[in-house]
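Novice:
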């Protein structure tokens with residue numbers, strides 16, 4: 016994992032880490048509420064590969080009320096961010112019935128349709144309105 020971080024920038028502490036996370040979501044045209052982070056220890060990004068990582072002090076569960084969806088964010092989250100997409104995502108799970116399948120990719124339609132797609136390793140894709148993941152949701 017450390018080799019993915021080579022050549023990257025990292026911001027430590029909640030305030031600085033959160034600023035970097037929000038700026039990455041903005042830069043890559045992703046909803047600002049997509050990663051509801053608490054007690055951030057570190058956020059990092061490698062521009063050459065798109066690799067990003069987030070370390071929180073503890074796992075966080077967040078309910079996106081508009082779509083009645085509970086999502087779990089591990090203490091460590093990482094993936095490769097690009098325009099309207101995060102690929103090879105690790106550390107995020109969405110509750111489906113009694114299971115918590117890992118989310119491996121998040122993508123928005125380009126051109127925009129107002130939809131966001133969550134793909135699991137099991138090949139299941141769930142689609143939701145993008146506004147459900149706006150900041151503060």
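In the working numbering, the protein residues as written are 16 to 152. Even for Gly, the Cβ is constructed at its ideal location relative to N, Cα and C. Quick caveat, the model's predicted, so the values are computed rather than measured.
Using the Cβ count rule (16 or more neighbours within 10 Å means buried), how would you classify residue 67?
Specialist: Indexing the chain shown from 1 puts residue 67 at position 52. So residue 67 ends up on the buried side.
Novice: On a Cα-Cα basis, can you pick out the residue from 101, 76, 53 and 58 that is closest to residue 131?
Specialist: Looking up residue 131 in the chain shown gives position 116. Out of 101, 76, 53 and 58, the CA that lies nearest to the CA of residue 131 is found in 101.
Novice: Going by other Cβ atoms of all chains shown within 10 Å of its Cβ, with 16 needed for buried, is residue 121 buried or exposed?
Specialist: Your numbering for residue 121 matches position 106 in the chain shown. Burial call: buried.
Novice: From which residue to which residue does the alpha helix (DSSP H) around residue 32 run?
Specialist: Numbered from 1 along the chain shown, position 17 holds the residue referred to as residue 32. Looking at the DSSP string, the run of the alpha helix (DSSP H) that includes residue 32 is 29-42.
Novice: Per DSSP, residue 81 forms a beta bridge with which residues?
Specialist: One-based indexing of the chain shown puts residue 81 at position 66. In the DSSP output, where bridge partners are listed per residue, residue 81 has none listed.
Novice: Identify whether residue 53 lies in helix, strand or coil by the three-state DSSP scheme.
Specialist: Counting from 1 along the chain shown, the entry for residue 53 is found at position 38. Three-state result, residue 53: coil.
Novice: Can you tell me which of 56, 110 and 46 puts its alpha carbon nearest to the alpha carbon of residue 28?
Specialist: Taking the first residue of the chain shown as 1, we reach residue 28 at position 13. Among 56, 110 and 46, the Cα nearest to that of residue 28 belongs to 56.
Novice: Would you kindly work out how many angstroms separate the C-alpha atoms of residue 112 and residue 24, rounded to a whole number?
Specialist: Translated into positions along the chain shown, residue 112 becomes position 97. Translated into positions along the chain shown, residue 24 becomes position 9. The C-alpha of residue 24 is placed about 38 angstroms away from the C-alpha of residue 112.
Novice: Give me, in chain order, the residues of the same chain whose beta-carbon lies closer than 7 angstroms to that of residue 6; leave out the 5 immediate sequence neighbours on both sides.
Specialist: Outside the shown range of the chain (16 to 152) lies residue 6, about which nothing can therefore be said.
Novice: Starting from residue 130, trace the beta strand (DSSP E) both ways and give me its first and last residue.
Specialist: Reading the chain shown from its first residue, position 115 is the one you call residue 130. Segment 130-135, the beta strand (DSSP E) holding residue 130.
Novice: Looking at residue 110 and residue 90, is the spacing between their C-beta atoms short of 8 angstroms?
Specialist: Along the chain shown, read from residue 1 onward, the residue named residue 90 stands at position 75. Along the chain shown, read from residue 1 onward, the residue named residue 110 stands at position 95. Contact: no.
Novice: With 16 as the cutoff for other CB atoms within 10 Å, does residue 139 come out buried or exposed?
Specialist: Locating residue 139 in the chain shown gives position 124, counting from the first residue. Counting other Cβ atoms within 10 Å of its Cβ, residue 139 stays below 16 and is therefore classed as exposed.
Novice: Excluding the five sequence neighbours on either side, which residues of its own chain have a C-beta within less than 6 angstroms of the C-beta of residue 97, listed in chain order?
Specialist: Numbered from its first residue, the chain shown carries residue 97 at position 82. Within the same chain, residue 97 has close Cβ partners 65.
Novice: With a CB to CB cut of under 6 angstroms and the five nearest residues on each side skipped, what residues in its chain are close to residue 58?
Specialist: To locate residue 58, count along the chain shown from 1; it is residue 43. For residue 58, where only same-chain residues beyond five positions count, the Cβ hits under 6 angstroms are 26, 32, 35, 36 and 69.
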